[in-house]
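In what follows, a structure is listed as structure tokens, so that the remarks can point back to it.
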Amino acid sequence: MLQKKVCMLGSFAVGKTSLVRRFVETIFSEQYHTSIGVKVDKKEVRAEGRDVTLVLWDIHGEDAFQKVQISYLRGMSGYLLVADGTRQQTLEDALALANHVAEMMEKIPAVLVLNKCDLAAQWEIEPDREARLAADGWSVFRSSAKTGESVEQAFSQLTLAMLRK
Amino acid sequence: MPEEAQRRAPIPPTPESQPEDKQALEELRHLIVAPEQEGLHEIRERLDSKERRAEDISSVVAEAIQMRREQDGDHALAEALAPTIQETLRESVRKDPQVLADALFPVMGPAIRKSISESLRSMLESFNEALEHSLSLRGIQWRIEAFRTSKPFAEVVLMHSLLYRVEQVFLIHRETGLVLSHVVAPSIATQDPDMVAGMLSAIQQFARDSFNSAGQETLGSMNFEALEIWVEASPDAVLAAVIRGHAPLDYKLAMKEALENIQQNFSSALANFSGETGPFRAAGDRLHQLLEARFKEKLGGKGRPRAAIIAGAVALAIVVGWVGYSSYLLWEWSRFLNALRLQPGIIVISGRKSGGRFRVQGFRDPLAPDPEKLLSEAGFDPKKAYLELMPFYSVDDVIVLRRAKELLRPPAGVRLSQKNGELRAEGVAAPKWIAQFQERAPWIAGVNSIDVSHLQNSDHVEFNRLKGVLESAVLVFPLGRTELEPGQEAALAQYENDFQGLLVQAGHLGGTITVEIIGHTDSTGVEAANLPLSRQRADQIFKVLRRAGVKPTNLRPRGVAASEPLRTEDTEAGCRYNRSVTFKVAFSPAPPVH
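Those protein sequence lines, which keep their order, are chains V and X.
Every letter in the first sequence is one number past the one before it in our numbering, and letter 99, counting from 1, is 99.
Every letter in the second sequence is one number past the one before it in our numbering, and letter 418, counting from 1, is 1418.
Structural data, given as structure tokens:
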């Protein structure tokens, strides 16, 4: 049986929690976020013919990423970087966070999820920005907590990356 | 490789072309095998030279060790190196202990501190527990139990505190927080262990971060109502036990040992963990050993009814015993009172129980038995009974007799008795005591009259005895003679003493005696001749007595011839008795002296 610790990172109110709510098993209430800054959920995926258990550390987003949260990242095999597609700044914050992680740890598989794609009118991310990110090596997914679009694919992609590492 | 073999096989020489051919062959061989030979030579040289060999190995030794360590499942490398490293350390210490001391210094402090704080915490925990239990209702029950079973209180507390159940045990990879192994006690509902373990790790890190702890400390335990989560950490793994109730501190030790064991057995799997939990399946057995349980309900369920029955039986026994004992006491008391009433010299007016004590009121003669002694003999504690007995003079015959004996002190030959107020003395006493008795006895309380009719004067008794001896004496004479028969002198000498004693007794009786010395003859011969013969015989004895010092005024000799025969003269023996002298004693009171 294979298990992986996966973190979900992203700024405050980018919809990390609502994004995965429908796709993960959970036993803890969302109050954990505000009390200790993290909530642990679980997701089973199948990749390359294997069942993999992803233990998801949904880390409470703060604009200024604090030391408290960094320690939660220890031991992770990969992470989901989540940004709000309707707020450009959250993408910049997310990427800054990714850089920060890259400085602290050896290279770790990650996928970038641009959330709230159902709000197309307010979308702030330029298509060529997405292309550049893809060129930098990011697997970029547009998703919607409302429709559930691409969530499964994002997890599968991350799992594959972790298995192939 | 047959072709190559053919190619390399030497061409067989022919006898006629031998010298040139041989040279050509040598050249050919040189061309073909020289490089290989050189290579072989170099290899041999390398193998033969120690220096070269060391040089070769030195370039790969670090990588080789690392590689072996990574593959190592059975610790062969560690086992191989251990003796050398131990020896090295020993040698290093022997040469200069300071070097190793300096190297260890940074880890010694924290290790010692941790050990001390752990010990203090354990001590405080048990102390707190004891304090907590000593004041609660349950604590009081336990105190009673301790008293009943005569065990130390602390032991009873410990016994009850030991009741616990380990419901789940998690083995968690320390860095990732992923579950390596998880065991659950039967029929325990659990949440998803992966998420629980993750959250547990998160909480651990949260605690570390919150209190700015940079090190590897772990949260030792968490409490949640009746649940406790005990956590032990090793460098790569965390062991968490979910316990319902209070586990003993020994359990902490068991966890430590299990974790050390796991850390040792799975060290490489732990260090290289990449999410694959298969290798840790074997650790499950070790975790199962940590699932312990002691049920409070079972102990209590069995213990309580038995305790209740015992307690009930004891209470019943106490009540029955108390009632029985009280009745027994009352019965004994009334028996004692009856006995007391029968005691001469004691009069009981009232005997009752008041204020938990027995109380007797009445009168007691000083010569009556000691009532406290009677109490003791009846089995009562004299200190728990009041005896209010006023002194008085009893006229009970027994007490009067006792009083008379006390006051009169009768001599050995006298027996006193008391009946209906009359005191009677019997026996022989000196005239002085008889006089005292007659004078004093009527004054004794309770003596109404005295009876001395059976009391004899001891002087009279002796006088009469001596008188009897003398009056029965017969001194015999031969026929017609006035000298005693031979052998009679000795008898006479004895009578002389009796004379003297009789005179003394007569003096005691306040008078004097006159002893008639009577001479006798038998009836043979004539009266005229017999009369003087009898008189001469009496005079003969008179003379002897006078010589012995008897005053003549007390003696009166006379002859009666055959007129007062002692015996009939049918026989010679009777005649012989009649040829004799006898005595007759008369007492006469002394004339009053004026």
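Where a beta carbon is used, it is the ideal one built from N, C-alpha and C, also for glycine.
The beta-carbon of M1222/X is placed no less than 9 Å from the nearest beta-carbon of chain V. A residue is called buried once 16 or more other Cβ atoms fall within 10 Å of its Cβ, and D1365/X is buried on that count. Against chain X, the CB of D51/V has no partner CB under 9 Å away; the residue lies outside that interface. Taking all protein chains in view, the Cβ of H1173/X is crowded by 16 or more other Cβ atoms within 10 Å, so the residue is classified as buried. With respect to chain X, the C-beta atom of I125/V has no partner C-beta closer than 9 Å.
For R46/V, no alpha helix (DSSP H) segment is defined; the enclosing uninterrupted segment is the beta strand (DSSP E) at 38-47. When DSSP reads this structure, C7/V sits in a beta bridge with W57/V, Y79/V. Taking a beta-carbon distance threshold of 9 Å, H1182/X does not count as an interface residue toward chain V. One finds nothing in chain V with a Cβ atom closer than 9 Å to the Cβ of G1284/X; even the nearest lies about 13 Å away.
Looking at the DSSP output, Y1386/X shares a beta bridge with R1359/X.
It is roughly 31 Å from the alpha-carbon of L9/V to the alpha-carbon of A1241/X.
The bridge partners DSSP lists for R1364/X are I1346/X, P1391/X. Cβ atoms of I1444/X and V1400/X come within 8 Å of each other, at about 7 Å. For Y1164/X, the enclosing beta strand (DSSP E) starts and ends at 1164-1173. I108/V carries a coil assignment under DSSP once its states are collapsed to helix, strand and coil. With contact defined as three or more Cβ pairs closer than 8 Å, the stretch 1468-1488 of chain X and the stretch 1536-1544 of chain X are in contact. Taken through DSSP and simplified to helix, strand or coil, R87/V comes out as coil. Taking 4 residues as the shortest admissible run, the stretch 1191-1278 of chain X contains the following complete alpha helix (DSSP H) segments, listed from N- to C-terminal end: 1193-1210, 1249-1265, 1267-1271. Taking 9 Å as the cut-off, the Cβ atoms of F1170/X and V1238/X count as close. T1568/X sits in coil when the DSSP states are folded into three classes, being neither helix nor strand. Per DSSP, reduced to three states, the secondary structure at P1442/X is helical. Look at E103/V here: in three-state DSSP terms it is helix. With respect to the C-alpha of L56/V, the residue from R1053/X, I1140/X, S1201/X, Y1164/X having the closest C-alpha is S1201/X. Around the Cβ of L1316/X, a 10 Å sphere holds fewer than 16 other Cβ atoms; the residue is exposed. Chain-order list of chain V residues neighbouring A1271/X: empty, with the shortest C-beta distance near 13 Å, by a criterion of under 7 Å.
Boundaries for P1083/X: no beta strand (DSSP E) harbours it, while the alpha helix (DSSP H) harbouring it runs 1076-1095, taken from the DSSP string. Look at the stretch 1189-1203 of chain X: the residues with a C-beta under 7 Å from a C-beta of chain V are Q1191, D1192, D1194, M1195, G1198, M1199, A1202, I1203. Linking S1234/X to Q1263/X through their CA atoms gives a straight-line distance of about 7 Å. Following the DSSP letters along the chain, one finds A1283/X inside the alpha helix (DSSP H) bounded by residues 1283-1288.
The C-alpha of D93/V is placed about 43 Å away from the C-alpha of I1243/X. Close to R74/V, with beta-carbon spacing below 7 Å, are these residues of chain X in chain order: E1175.
DSSP places A1425/X in the uninterrupted beta strand (DSSP E) bounded by 1422-1429. The residue among R46/V, N99/V, S71/V with its C-alpha nearest the C-alpha of A154/V is R46/V.
At least one CB of chain X lies nearer than 9 Å to the CB of I27/V. CA-to-CA, the gap between I1140/X and R1165/X works out to about 25 Å. When secondary structure is reduced to three states using DSSP, R1579/X falls in the coil class, being assigned neither helix nor strand.
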